[in-house]
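Below is one structure; the comments refer to it alone.
Residue numbers (the numbering used here), protein chains in the order written: chain Y, 225 to 607; chain A, 633 to 929.
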């Protein structure tokens, strides 16, 4: 089979938003689960955990576009979430802006910061760029601590009063068909609607001309420049898009947490590494991989904390439980440490043994299933 | 003027600390081309090991230090062998991401193994101070500068004069060509990581001793401040790491000494190092002493 024919066949289906029947079915199923979950799982803890995962998914899609499609590693993602969080705190809660306005503000401010990083991406390569994105974490932390009139300094600030209404629909207190929804349920819907919109935007970017240009920049930047793909334009665009999505994700995360306060740069760095783990485990170079990663890994700290009590049997030799469910409880690991270690182990294990992540596993599974049917194995979408 | 000299001594000592931390990064980068984020974790774990051997097991300090260096060299080489080596020919940023995962694991492992919030690390120099011409010099600072000089000199000697050093340089230059010449590429990797681990112990002990001898997991965060030093000097230049460390040390100490706190706010010294780094990078993208990257089209 000639490589040209291969290329043509792979390129054509990926132009479609939902390339084949199975993808359409899975998408329909996801929408159904989204609509039903809050009705079945009417529990504030779970709603908040899933809403947080949604906020993480929005930000992860951004990082996936930057790292997976444009090949730029960033350790500054957590800083951009922080910026998004304070944007909703300042404009939404302090100044009473309507929801569409503070969302737009979070997106635009995120994008602006991304554009500011862009020129470094042009001048610096690889490791140097990674450390510059790390600088963003330190600089943001400094600004947050010292610009107290906007951020509230060390005391942090409540974002509870930010409006969640758009038109007649108020996600803070939803009424649908005479049924009242809690604030947590409303925020769950809000977050996952934004995940769907972000995924749509992301998918549209990567399956059209800009997406191909970004991949060209990722794979061979000089060659891309030679055939007329401007490195400057697409690297800066990738940082802007990724940062805008991180800003939106951060705003949603703050809304879900109700409160934002500064955390130290080390914690911010670890949050950034968690985002890297999310997109690696989910699968680089896919949008749905980022969403799956965020759904599985995003809630890990909360889940470890919640379920530590279930594993309270003691380990024989050391005579202590594996994870303490409270700081006083004498577990081998604290819940926070255990979840961080899980992130680290998952990141390393996936990079070594399954670098294509869960999306890659799904792709292989579909190829195998498709092997005996009339579905062309190469037609399985790569994106 | 006395204030200036006082600050200058403090600046050189701080620079020495940053240089010690940065040298651990540089040796791995120079020999293997790996940007090792886990070095901050090595510094943290190294300091706790010195505490464990010296204070907890009551060994003499220098015995504890050397024992910790040996253990840490083994840990670092082991980590390289298990999680880095398999990925050497993988996609470029995979290894950087793996070292981030390792950093996460080491940091939490330390919090798990030593669960008290803080420990006190006892050192022979303690809080001793010597007055020279009206300027007081802390003994820990003298030791730091001494160690930094020793490590730098050792690097220079190893890279320049020993067979192992030449093998490491050849490996860094071109792995395949080095292997074709009969150089054991794997051994170069192991040795460079082992050296990084051992140097991290010294850096960790000195850093702890310098910041009041109180050992907390926050140490790895201070170690992150050495990044700008390394970047300013150039990733593959040991001399550059020292120069970068001193530059950051001087700027940081002078800024804290002469600028008004109300104006600069809290945490300014951390940001300053990074801002300085960004300015240098815009001017020279490979640092002051780094090798300019040549790209083949």
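Beta carbons are placed, not taken as given, at the ideal position from N, Cα and C, and that holds for glycine.
| Asked | Found |
| --- | --- |
| Taking contact to mean at least 3 C-beta pairs separated by less than 8 Å, is the region 569-583 of chain Y in contact with the region 844-853 of chain A? | no |
| Have a look at the DSSP bridge pairing and note the partners of residue 769(A). | 762(A) |
| What residue does the alpha helix (DSSP H) around residue 824(A) start on, and which one ends it? | 817-842 |
| By how many angstroms is the C-alpha of residue 350(Y) removed from the C-alpha of residue 271(Y)? | 39 Å |
| By DSSP, does residue 301(Y) sit in helix, in strand, or in coil? | helix |
| Which chain A residues sit within Cβ distance under 7 Å of residue 497(Y)? | 732 and 736 |
| Determine the contact status of residue 529(Y) and residue 559(Y), defining contact as a CB-CB distance below 8 Å. | yes |
| If we count the other Cβ atoms within 10 Å of its Cβ and call it buried at 16 or more, is residue 378(Y) buried or exposed? | exposed |
| Note the first and the last residue of the continuous alpha helix (DSSP H) segment covering residue 529(Y). | 524-531 |
| Which residues in the same chain have their Cβ closer than 7 Å to the Cβ of residue 901(A), if we skip the five residues on either side of it in sequence? | 884, 887 and 888 |
| Residue 372(Y): which of 262(Y), 314(Y) and 436(Y) sits nearest, CA to CA? | 314(Y) |
| To test your reading of the DSSP string, which unbroken alpha helix (DSSP H) runs of 4 or more residues are found completely within the region 487-527 of chain Y? | 489-506 and 511-521 |
| Using a Cβ-Cβ cut-off of 8 Å (strictly less than) and excluding sequence neighbours within five positions of residue 679(A), which residues of its own chain qualify? | 753, 833, 836, 837, 839, 840, 847 and 851 |
| How is residue 649(A) classed by DSSP in three states: helix, strand or coil? | helix |
| Could you run through the region 352-375 of chain Y and flag, in chain order, every residue whose CB is less than 8 Å away from some CB of chain A? | 352, 354, 355, 356, 358, 359, 362, 363, 365, 366, 369 and 370 |
| Taking only the alpha-carbon atoms, compute the straight-line gap between residue 363(Y) and residue 819(A) and give it to the nearest angstrom. | 40 Å |
| According to DSSP, is residue 852(A) helix, strand or coil? | helix |
| Among all the DSSP beta bridges, which residues are the ones paired with residue 390(Y)? | 393(Y) |
| Could you name the residues of the region 883-904 of chain A whose beta carbon sits closer than 8 Å to any beta carbon of chain Y, in the order they occur along the chain? | 897, 898, 899, 900, 902 and 903 |
| Taking 8 Å as the threshold, find out whether the region 650-664 of chain A comes into contact with the region 784-801 of chain A through three or more Cβ pairs. | yes |
| Given a threshold of 16 other Cβ atoms within 10 Å of its Cβ, counted over all protein chains shown, does residue 648(A) qualify as buried or as exposed? | buried |
| Let me make sure I understand the geometry here. Which of 262(Y), 498(Y), 327(Y) and 547(Y) has the alpha-carbon closest to that of residue 472(Y)? | 327(Y) |
| For residue 815(A), which residues in chain Y fall below 8 Å Cβ to Cβ? | Correct list: empty, because the minimum Cβ distance to chain Y is about 24 Å. |
| Excluding the 5 residues preceding and the 5 following residue 673(A) in the sequence, name in chain order all residues of the same chain whose CB lies nearer than 7 Å to its CB. | 734, 735, 738, 739 and 852 |
| Just the Cα atoms here: how many angstroms apart are residue 702(A) and residue 783(A)? | 15 Å |
| Show which residues of chain A have a CB atom less than 8 Å away from the CB atom of residue 178(Y). | Lying outside 225 to 607, the shown extent of chain Y, residue 178(Y) is not represented and no answer is given. |
| Does chain A have any CB closer than 8 Å to the CB of residue 505(Y)? | no |
| Spell out a yes or no on whether the region 764-775 of chain A and the region 635-649 of chain A are touching, meaning 3 or more CB-CB pairs, one atom from each, closer than 8 Å. | yes |
| Given this structure, state the Cα-to-Cα distance separating residue 437(Y) from residue 523(Y), to the nearest angstrom. | 34 Å |
| For a contact defined as C-beta to C-beta under 8 Å, what are the partners of residue 852(A) on chain Y? | 490 |
| Count the other CB atoms within 10 Å of the CB of residue 298(Y); is the residue buried (16 or more) or exposed (fewer)? | buried |
| Considering Cα atoms alone, identify which of 358(Y), 344(Y) and 304(Y) is closest to residue 334(Y). | 304(Y) |
| Mind listing, in chain order, the continuous beta strand (DSSP E) runs of no fewer than 3 residues lying wholly within the region 420-491 of chain Y? | none |
| For residue 743(A), which residues in chain Y fall below 8 Å Cβ to Cβ? | 558 and 561 |
| Quick check: residue 415(Y) and residue 514(Y), are their CB atoms within less than 8 Å of each other? | no |
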